[in-house]
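Notes for the one structure printed next.
Protein chains: 2
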Amino acid sequence: MKVKNPQELMKLAIEKARDGIKRGQTPFGAAIARKNKSGGYDVISVEHNEVWDKTDITEHAEINAIRKACARLGKVKLTNCIIASTTEPCPMCFSAIHWAGVKEIYYGTNISDAQKAKFSELTISNQQMKKLGKSPVKIHPDYMRKEAEKLFNDWVKNPKKKTY
Amino acid sequence: MKVKNPQELMKLAIEKARDGIKRGQTPFGAAIARKNKSGGYDVISVEHNEVWDKTDITEHAEINAIRKACARLGKVKLTNCIIASTTEPCPMCFSAIHWAGVKEIYYGTNISDAQKAKFSELTISNQQMKKLGKSPVKIHPDYMRKEAEKLFNDWVKNPKKKTY
Chain A
8 MKVKNPQELM KLAIEKARDG IKRGQTPFGA AIARKNKSGG YDVISVEHNE VWDKTDITEH
68 AEINAIRKAC ARLGKVKLTN CIIASTTEPC PMCFSAIHWA GVKEIYYGTN ISDAQKAKFS
128 ELTISNQQMK KLGKSPVKIH PDYMRKEAEK LFNDWVKNPK KKTY
Chain X
8 MKVKNPQELM KLAIEKARDG IKRGQTPFGA AIARKNKSGG YDVISVEHNE VWDKTDITEH
68 AEINAIRKAC ARLGKVKLTN CIIASTTEPC PMCFSAIHWA GVKEIYYGTN ISDAQKAKFS
128 ELTISNQQMK KLGKSPVKIH PDYMRKEAEK LFNDWVKNPK KKTY
């Protein structure tokens, strides 16, 4: 599949997060795409969080998307790739993005939004991680925040929701 | 399997890292154990880094050990568990340890040792991550450092070694 821009990629991540919510998962989606020669992007992976589904605390949407992308490309470095994540990647996912050499992160809501919803977050922002760890990754915060927020707020209202 | 103390657990992690090196993997091992009622520990998982083997940039020894432990215990939180890691967990692994609710980290060599060996580390120490993220995890640095260092130094001399 191809997308024209990061905005279309974020839409895929949001749709996938919505699928995840329907399946009883937490409201997080992520999508990875690689720049192609026509000036657009080839979509490599689109995943939602599967912590509960897989009984695996590391199965955040971004880790899931990175693992699938490595498998699909047959590489451990995701050169010329960008990631769209419905919420700011947690420090685990930010670090995985760094290790994979992903160039740019686009994200909607913030770690503090997830913390307010009772996820036991390490409250270290992507900007702090980048600065302290001297990572070359470019960060685009508050990207399509309203759409990402809606998804998150809908989930927060669900009485059956499970955090971790 | 049972171990009496963190020292015995670290020995298992070091042995496993040695196995990994023989299999062409990077020199990192990790082992997770849960406190039992006899004052010792039940070993839950012992893994080495499998980034090259699995073509998965997230397959660090600690992530690998946490995933296996979640699967074996059927839980996403590793309550009353400790982890022994031959090298200081990178920020990705430190954050996964936090998410899993592991109580204590014992580690041998440091992130800076791995950086000197040309791994593209985010140079944020476990102490910094703990402080910034307000994590309750206890950290025991330089634990059996000499033994862990030997393993690492042997690998560094290998002309066929591959970093990432």
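Chain order of the listed sequences is A and X. In terms of my numbering, the first sequence opens at residue 8 and continues consecutively. In terms of my numbering, the second sequence opens at residue 8 and continues consecutively. The C-beta atom is built at its ideal place from N, Cα and C for all residues, glycine as well. Since we're looking at a predicted model, the values are computed, not measured.
The beta strand (DSSP E) enclosing residue i, as first and last residue numbers
| i | result |
| --- | --- |
| residue 128 (chain X) | No beta strand (DSSP E) holds residue 128 (chain X); DSSP gives it neither H nor E. |
| residue 41 (chain A) | 36-42 |
Pairwise C-alpha distance: residue j and residue i
| i | j | result |
| --- | --- | --- |
| residue 82 (chain A) | residue 62 (chain X) | 6 Å |
| residue 11 (chain A) | residue 93 (chain A) | 18 Å |
| residue 122 (chain A) | residue 165 (chain X) | 44 Å |
| residue 50 (chain A) | residue 101 (chain X) | 30 Å |
| residue 148 (chain A) | residue 23 (chain A) | 20 Å |
| residue 114 (chain A) | residue 45 (chain X) | 48 Å |
| residue 17 (chain X) | residue 135 (chain X) | 23 Å |
| residue 111 (chain A) | residue 43 (chain X) | 45 Å |
| residue 124 (chain A) | residue 96 (chain A) | 15 Å |
| residue 152 (chain X) | residue 159 (chain A) | 44 Å |
| residue 154 (chain X) | residue 75 (chain A) | 35 Å |
| residue 139 (chain A) | residue 133 (chain X) | 12 Å |
| residue 41 (chain A) | residue 60 (chain X) | 24 Å |
| residue 14 (chain X) | residue 47 (chain A) | 53 Å |
| residue 98 (chain A) | residue 98 (chain X) | 7 Å |
| residue 29 (chain A) | residue 65 (chain A) | 20 Å |
| residue 80 (chain X) | residue 70 (chain X) | 15 Å |
| residue 126 (chain X) | residue 90 (chain X) | 22 Å |
| residue 25 (chain A) | residue 116 (chain A) | 15 Å |
| residue 141 (chain A) | residue 131 (chain A) | 15 Å |
| residue 88 (chain X) | residue 137 (chain X) | 17 Å |
| residue 120 (chain A) | residue 150 (chain A) | 14 Å |
Helix, strand or coil at residue i [DSSP, three-state]
| i | result |
| --- | --- |
| residue 23 (chain A) | helix |
| residue 163 (chain A) | helix |
| residue 149 (chain A) | coil |
| residue 58 (chain X) | helix |
| residue 64 (chain A) | coil |
| residue 9 (chain A) | strand |
7 Å Cβ shell around residue i - same chain, five flanking residues per side excluded
| i | result |
| --- | --- |
| residue 168 (chain A) | 162 |
| residue 108 (chain A) | 84, 85, 86 |
| residue 21 (chain A) | 36, 93, 154, 155, 158 |
| residue 106 (chain X) | none |
| residue 129 (chain A) | 97, 98 |
| residue 3 (chain X) | In the structure displayed, chain X extends from 8 to 171; residue 3 (chain X) sits before or after that span and is not available. |
Spatial neighbours of residue i in its chain, beta-carbon cut-off 8 Å, leaving aside the 5 residues before and after
| i | result |
| --- | --- |
| residue 27 (chain A) | 33, 34, 35, 36, 55, 56, 57, 68 |
| residue 104 (chain A) | 69, 73, 90, 96, 112, 144 |
| residue 170 (chain A) | 33, 124, 125, 126, 127 |
| residue 77 (chain X) | 83, 85, 107 |
Range covered by the alpha helix (DSSP H) that runs through residue i
| i | result |
| --- | --- |
| residue 140 (chain A) | 133-140 |
Other residues of its chain near residue i: CB distance less than 6 Å, five sequence neighbours each side excluded
| i | result |
| --- | --- |
| residue 53 (chain A) | 19, 23, 38 |
| residue 8 (chain X) | 50 |
### Runs of alpha helix (DSSP H) lying entirely within the region 78-130 of chain A, each at least 4 residues, in chain order
98-107, 118-123
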